[in-house]
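Peer 1:
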Amino acid sequence: MRSRLLLLTLLLCPNLQAQDNSTTTSAIHQLVGRWSVTVDGQEASIMNAQVEAWRSMPDGSLVGWSGTSHGTGIHKSEELALSKRSGTWTYEARVVKQNNGKAVAFACTKMTKDIIVFENPMHDFPQKIEYQFRSRNEIVVTVSGSARKFVLRFRRIPEGVISYSPLQLDTSATNTPKIPSPTQPTARIKGLIGSWESSDHNKTMKIAEVGPGRYAGTIMTLASDLKTLIEFKIEVFKRKNQWMLSLQRPVWNNSEQMMYRLIHSSIKTLIFQNHCGESPNQLHFEFADKDSILLSCDDVVGMEGESSGRVIDLKRSH
Numbered sequence: 001m002r003s004r005l006l007l008l009t010l011l012l013c014p015n016l017q018a019q020d021n022s023t024t025t026s027a028i029h030q031l032v033g034r035w036s037v038t039v040d041g042q043e044a045s046i047m048n049a050q051v052e053a054w055r056s057m058p059d060g061s062l063v064g065w066s067g068t069s070h071g072t073g074i075h076k077s078e079e080l081a082l083s084k085r086s087g088t089w090t091y092e093a094r095v096v097k098q099n100n101g102k103a104v105a106f107a108c109t110k111m112t113k114d115i116i117v118f119e120n121p122m123h124d125f126p127q128k129i130e131y132q133f134r135s136r137n138e139i140v141v142t143v144s145g146s147a148r149k150f151v152l153r154f155r156r157i158p159e160g161v162i163s164y165s166p167l168q169l170d171t172s173a174t175n176t177p178k179i180p181s182p183t184q185p186t187a188r189i190k191g192l193i194g195s196w197e198s199s200d201h202n203k204t205m206k207i208a209e210v211g212p213g214r215y216a217g218t219i220m221t222l223a224s225d226l227k228t229l230i231e232f233k234i235e236v237f238k239r240k241n242q243w244m245l246s247l248q249r250p251v252w253n254n255s256e257q258m259m260y261r262l263i264h265s266s267i268k269t270l271i272f273q274n275h276c277g278e279s280p281n282q283l284h285f286e287f288a289d290k291d292s293i294l295l296s297c298d299d300v301v302g303m304e305g306e307s308s309g310r311v312i313d314l315k316r317s318h
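Everything in the sequence shown is counted per the numbering used here, starting at 1 for the first residue and increasing by one.
#1: Quickly, what does DSSP pair residue 37 with across the bridge? List them, please.
#2: Which of the three DSSP states is assigned to residue 312 in this structure?
#3: Exposed or buried, residue 130, counting other C-beta atoms within 10 Å across all chains shown (16 or more means buried)?
#4: Have a look at the DSSP bridge pairing and note the partners of residue 238.
#5: Short of 6 Å in beta carbon distance, which residues of its chain neighbour residue 320, apart from the five on each side in sequence? Order them along the chain.
#6: By Cβ distance below 7 Å, which residues in the same chain neighbour residue 312 in space, the five residues on each side in sequence not counted?
#7: Would residue 245 and residue 272 qualify as a contact pair, given that the criterion is a beta-carbon distance under 8 Å?
#8: Just how far apart, CA to CA, sit residue 292 and residue 205?
#9: Could you compute how far the alpha carbon of residue 188 sits from the alpha carbon of residue 196?
#10: Given a threshold of 16 other Cβ atoms within 10 Å of its Cβ, counted over all protein chains shown, does residue 26 qualify as buried or as exposed?
#11: Consult DSSP for residue 219 and reduce its assignment to one of helix, strand or coil.
#12: I believe residue 247 touches residue 234 by the beta-carbon criterion, under 8 Å. Please report the beta-carbon distance rounded to the nearest angstrom.
#13: Alpha carbon to alpha carbon, how far is residue 219 from residue 185?
#14: In terms of residues, what are the limits of the beta strand (DSSP E) holding residue 269?
#15: For residue 113, which residues in the same chain have their Cβ closer than 7 Å to its Cβ, ignoring the five residues on either side in sequence?
#16: Once the 5 residues before and after residue 290 are set aside, which same chain residues still bring their CB inside 8 Å of it?
#17: With distances taken from CA atoms, which of 267, 243 and 268 is nearest residue 274?
#18: Helix or strand or just coil, what does DSSP make of residue 93?
#19: So, helix, strand or coil for residue 145, using DSSP?
#20: So is residue 93 buried or exposed if we call it buried at 16+ other beta carbons inside 10 Å?
#21: Please name the residue or residues paired with residue 352 in a DSSP beta bridge.
#22: Counting along the chain, where does the beta strand (DSSP E) carrying residue 107 start and finish?
So this is what it looks like as structure tokens:
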């Protein structure tokens with residue numbers, strides 16, 4: 001979520017006026033609990049998951065946070081709150097170390113037992129946050145603006161797996177709650193090292209280890225005119241115990257560099273996601289074997305979380 005705080009005129013939601021307090025409170029309190037992003041309907045490794053947690057307060061409001069889990073604990077990126085203002089439920093999000101510590105407010109514009117929508121049309125991005133409750137244990141969250149959106153699917157985390165109290169981003173890892181880490185992604189990331197070529201010979205990828213825990217190289221692709229070569233710089237590295245991937249064309253300004261965060265890793269899969277709405281917002285590496293990779297460049301669209309994009313079949317070149 002980006003940036004400056006703009007004032008929002010909070011209006012009573014017409015559809016809420018017909019509902020009593022117990023109905024709206026019950027709908028809101030479906031959020032209570034701890035949630036992690038799922039990938040292809042499967043629970044992401046807790047080691048690298050995006051996590052959101054909510055708990056209820058004595059006055060009926062909710063407080064929460066979102067962040068990323070690591071092998072050393074959970075690092076919070078956003079502080080969240082849900083409370084009533086003049087009869088209207090208001091969603092507030094404060095991004096750590098952004099916007100001078102001020103929260104951005106979104107007013108509730110729709111609430112049923114299945115869907116809750118919060119909007120702030122004056123904010124740059126996002127302008128709309130929609131929670132859709134598929135079941136007691138599954139939520140689909142759509143974050144959108146005037147020109148882009150992304151969809152996250154969350155599944156409830158069992159009690160006792162993570163704490164409600166995460167670490168701040170600038171907090172030392174001392175006395176950090178431990179998280180189960182069944183899949184260490186380092187070995188899988190090293191599988192990217194080498195020279196790769198697409199089956200149509202129009203795309204290549206070269207990645208080398210350039211330092212401890214740091215991998216860099218290029219992706220070359222032939223433009224639609226079949227004459228112009230386009231070069232992307234790719235780098236995979238760790239930042240505060242979180243694996244990141246950067247993608248940049250040399251002609252781009254640094255501010256236009258696209259950053260992706262590892263949200264899922266397994267024996268055969270690495271998935272990096274960009275949560276700022278840039279296209280493509282997901283890079284999915286599927287390892288068929290040590291000499292074959294399917295690279296999917298996806299844009300997640302729609303409430304169903306379906307993806308559209310392109311798939312590149314890469315083979316190791318010797």
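Note that beta-carbon positions come from the ideal geometry of N, C-alpha and C, so glycine has one too.
Peer 2: Taking the geometry as given:
#1: Here residue 37 is taken as the residue at index 37 of the sequence shown, counted from 1. Bridge partners of residue 37: 154.
#2: If you number the sequence shown from 1, residue 312 lands on position 312. The answer is strand: DSSP assigns residue 312 an E or B state.
#3: Locating residue 130 in the sequence shown gives position 130, where the first residue counts as 1. Its Cβ being crowded by 16 or more others within 10 Å, residue 130 is buried.
#4: Here residue 238 corresponds to residue number 238 of the sequence shown, with the count starting at 1. 243, per the DSSP bridge assignment.
#5: Beyond the ends of the chain as shown, which are 1 and 318, falls residue 320; an answer cannot be given.
#6: As a working mapping, residue 312 is identified with position 312 in the sequence shown. Here the set comprises 198, 203 and 295.
#7: As a working mapping, residue 245 is identified with position 245 in the sequence shown. As a working mapping, residue 272 is identified with position 272 in the sequence shown. Contact flag set, yes.
#8: Translated into the one-based positions of the sequence shown, residue 292 becomes position 292. Translated into the one-based positions of the sequence shown, residue 205 becomes position 205. Going by C-alpha positions, residue 292 is about 12 Å away from residue 205.
#9: As a first step, residue 188 is located in the sequence shown; it is residue number 188 there, counting from the start. As a first step, residue 196 is located in the sequence shown; it is residue number 196 there, counting from the start. Roughly 16 Å between the two C-alpha positions.
#10: Taking the sequence shown and counting its residues from 1, the one referred to as residue 26 is at position 26. Counting Cβ neighbours within 10 Å, residue 26 comes out exposed, since fewer than 16 surround it.
#11: As a working note, residue 219 is residue 219 in the sequence shown. It is a strand residue.
#12: In the sequence shown, the residue the question calls residue 247 occupies position 247. In the sequence shown, the residue the question calls residue 234 occupies position 234. Correct: roughly 6 Å between the Cβ atoms.
#13: Here residue 219 refers to the residue found at position 219 of the sequence shown. Here residue 185 refers to the residue found at position 185 of the sequence shown. Distance between the alpha carbons of residue 219 and residue 185: 21 Å.
#14: As a first step, residue 269 must be located in the sequence shown, where it is residue number 269. DSSP places residue 269 inside the beta strand (DSSP E), whose first and last residues are 269-273.
#15: Translated into the one-based positions of the sequence shown, residue 113 becomes position 113. Around residue 113, the same chain offers 27 as residues with beta carbons nearer than 7 Å, after the five sequence neighbours per side are excluded.
#16: Indexing the sequence shown from 1 puts residue 290 at position 290. Hits under 8 Å: 191 and 316.
#17: In the sequence shown, counting from the first residue as 1, residue 274 sits at position 274. Selected option, being the one with the closest Cα: 243.
#18: In the sequence shown, the residue the question calls residue 93 occupies position 93. It is a strand residue.
#19: For this step, residue 145 is matched to residue 145 along the sequence shown. Three-state result, residue 145: coil.
#20: Taking the first residue of the sequence shown as 1, we reach residue 93 at position 93. Classification for residue 93: buried.
#21: Missing from the structure shown is residue 352; the chain here goes from 1 to 318 and no further.
#22: The residue given as residue 107 occupies position 107 in the sequence shown. Element bounds for residue 107: 104-111.
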